[in-house]
Amino acid sequence: MKDYFVFVEPYQKNTLWAGQNLQNQLKSSQKIGELWLISAQKHGLSRVSGQNLDEFFAQNRQFFGFYPHKTYPNLHKIIDAGQKLSLQVHPDNKLAKKLNSFGKDEAWLVLNKGDDPFIIGAKSNDFAEKITEINNENIDKHCNFSDLEKNDFAYISAGLIHSIPQGALVYEIQQNSDLTFRIFDFDRLDTNGQKRELHFELAKVAIKPKLSPKIIHDNKKNQQSLVKNKFFNLEKVKISQKFLLFPQNDVFWYEIIIISGQGKINDAPFKPFDAILISGQIEKPIEFQAENALILINKII
């Protein structure tokens, strides 16, 4: 196979609450709240070699190691929060199946920590019965807050309530789902001057109030495993000169996200927020060269 890796063109998602980091970096006239780096989600498709990712995935089965499932498994994005994101929850696979979708476990790597703490988790086991009472004045009585710092990693299981604060810039990996149930939207008005829809009844079913986030701090080493479970196999790699990605027999393909720094993969240049797919069919190591780069590697196993 000639092309062992391909770059992915991201989908730019305009949002009501977008900050200016992505807009400035991409020199866009639009407010970009999310950059979907690798996405086969029908509401925002990344592109590969002139095709939508879902098409490329279906038509290049050898590249993806003849992966046994028909649906691309996950989604990578950058979130640029110019305002507080809604207090929300995502369903697990069991509930999502009833809605003809997939559940949504997700995880964050904090790139900028934001103006306030992150909201993650409920304070009481009867939180679901109280969600209609939440407002700007009492939210701290109902929700837990986490002071996540730059380079902290947080795992957010389906059913765990959460909100990203204003000013935060976050990398997110998630299951391939776009099911979000809003609980509270901080009285935000849309472009028509209306409050956005809340989803109390669905949220009540999805909420798992006893859950808490799994938080990992930066170990200051060149490599760090962040999560390894049935959904993700993600590690962080700091490259000061050279890094070799060796073939592994149990990997269908690799997803690479460039968080910071510039360099080359083999002879192809990369820059921040580039996304690269590497086939698990590689026969020799893939070489990364950079003076000071931070990359994420997710292995599909």
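In the numbering used here, the protein residues as written are 67 to 367. C-beta atoms are modelled at their ideal positions from N, C-alpha and C, and glycine is treated no differently.
Asked	Found
Validate contact between the region 131-145 and the region 215-229 using beta carbons, cut 8 Å, 3 pairs	no
Separation of L161 from I186, as counted between CA atoms	21 Å
Nearest residue (CA-CA) to E203, options D253, G116 and I282	D253
Segment contact, 8 Å Cβ cut-off, at least three pairs: the region 242-257 with the region 193-209	yes
For A162, three-class secondary structure by DSSP	helix
Check whether G99 and N87 have beta carbons under 8 Å apart	no
L16 in three-state terms, based on DSSP	The structure shown does not extend to residue 16, since the chain is modelled only from 67 to 367, so the question has no answer here.
Classification of P231 by the beta-carbon crowding that lies within 10 angstroms, buried from 16 upward	buried
C-beta contact flag for F318 and I366 at 8 Å	yes
Extent of the continuous beta strand (DSSP E) to which K294 belongs	Q289 to K294
Rounded separation between L8 and H208 - CA only	The structure shown has nothing for residue 8, since the chain only spans 67 to 367.
Range covered by the beta strand (DSSP E) that runs through V155	L153 to V155
Cα-Cα separation, L268 to V155	9 Å
V236 beta carbon less than 8 Å from that of L153	no
K302 versus D340 - alpha carbon distance	15 Å
Bridge partner(s) assigned by DSSP for N80	I98
Same chain, Cβ closer than 7 Å to P183, neighbours up to 5 away in sequence not counted	F211, S212, D213 and P231
Cβ-heavy atom distance, K216 to the ligand FAD, below 7 Å	With respect to the ligand FAD, the structure offers nothing, as it holds no ligand at all.
Close beta carbons around D158, own chain, < 7 Å, minus the five adjacent residues each side	G169, A224 and G225
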